[in-house]
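**Student:** FYI, numbering that gives the first Met the number 0 numbers position 122 of the sequence shown as 121, with every residue one higher than the one before it. Input: one structure, supplied below.
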Amino acid sequence: MVQLLMIMFGLNFRGRYNKIMAKRNLTCIVTGNKYTFAKDYYDKKVEEYTSEDNLRNYFITKKAKTYLNKGYSVREIRNMLNVDDHNLPGPESERIIELIDFHKVKDYTKNKRIFSTLNFATYKSDPNVTKFINNIKTYE
Numbered sequence: 000m001v002q003l004l005m006i007m008f009g010l011n012f013r014g015r016y017n018k019i020m021a022k023r024n025l026t027c028i029v030t031g032n033k034y035t036f037a038k039d040y041y042d043k044k045v046e047e048y049t050s051e052d053n054l055r056n057y058f059i060t061k062k063a064k065t066y067l068n069k070g071y072s073v074r075e076i077r078n079m080l081n082v083d084d085h086n087l088p089g090p091e092s093e094r095i096i097e098l099i100d101f102h103k104v105k106d107y108t109k110n111k112r113i114f115s116t117l118n119f120a121t122y123k124s125d126p127n128v129t130k131f132i133n134n135i136k137t138y139e
């Protein structure tokens, strides 16, 4: 009976549901990954990004943000994650620059990975290696 009424009045709850879910689809512009979030989590993200427009424009996955904070470039992140970037904005595009500014990613162009590899074994291994690593640290 309900289905008959739906057909008679042109109601399509499945289509309405898909439209609601489509509003909660987000795409990371660094990795190209697409996500659909539950309403509560989506609302939490909107609060975190201060508006729905900001969320749509500057959404970034946690993994991509972590890599950016560690000093990897957008191109390196896409290579590491095997991202097909033909449909994504270029690494030097205005959208990527705005995204980095929005998230206040510090020292985006500096390579911080070298600092995390310096440990006791590195300094004790060989004086030439230590000298080389120290030269890399100061090189910009």
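Backbone N, C-alpha and C define an ideal beta-carbon position, used for all residues, glycine too.
(1) Spatial neighbours of Tyr48 within its chain, please: CB distance less than 8 Å, with the 5 preceding and 5 following residues excluded, ordered by chain position.
(2) Pairing CB atoms from the segment 84–92 with CB atoms from the segment 35–52, are three or more of them under 8 Å?
(3) Contact defined as beta carbons within less than 8 Å: I believe Pro90 pairs with Ser72. What is the distance between those atoms, to the nearest angstrom?
(4) Can you give the Cα-Cα distance for Val62 and Pro126, rounded to whole angstroms?
(5) Just to confirm my understanding: we take Thr23, look at its own chain, exclude 5 residues before and 5 after, and list those with CB closer than 6 Å. What are they?
(6) Distance check for Ser92 and Leu98, CA to CA, integer angstroms please.
(7) Using a Cβ-Cβ cutoff of less than 8 Å, which residues in the same chain neighbour Arg94 once the five nearest sequence positions on both sides are dropped?
(8) Starting from Tyr57, trace the alpha helix (DSSP H) both ways and give me its first and last residue.
(9) Can you look up Thr60 in the DSSP assignment and give me helix, strand or coil?
**Tutor:** In terms of the structure at hand:
(1) Leu54, Tyr57, Phe58
(2) no
(3) 6 Å
(4) This sequence places Lys at residue 62; Val is not what is there. Looking at the two C-alpha atoms, the distance is approximately 35 Å.
(5) The sequence shown places Arg at residue 23, not Thr. Answer for Arg23: Thr35, Phe36, Tyr41, listed in chain order.
(6) Rounded to the nearest whole angstrom, the CA to CA distance from Leu98 to Ser92 is 10 Å.
(7) Ile28, Asn56, Pro88
(8) 51–57
(9) If DSSP states are grouped into helix, strand and coil, Thr60 belongs with coil.
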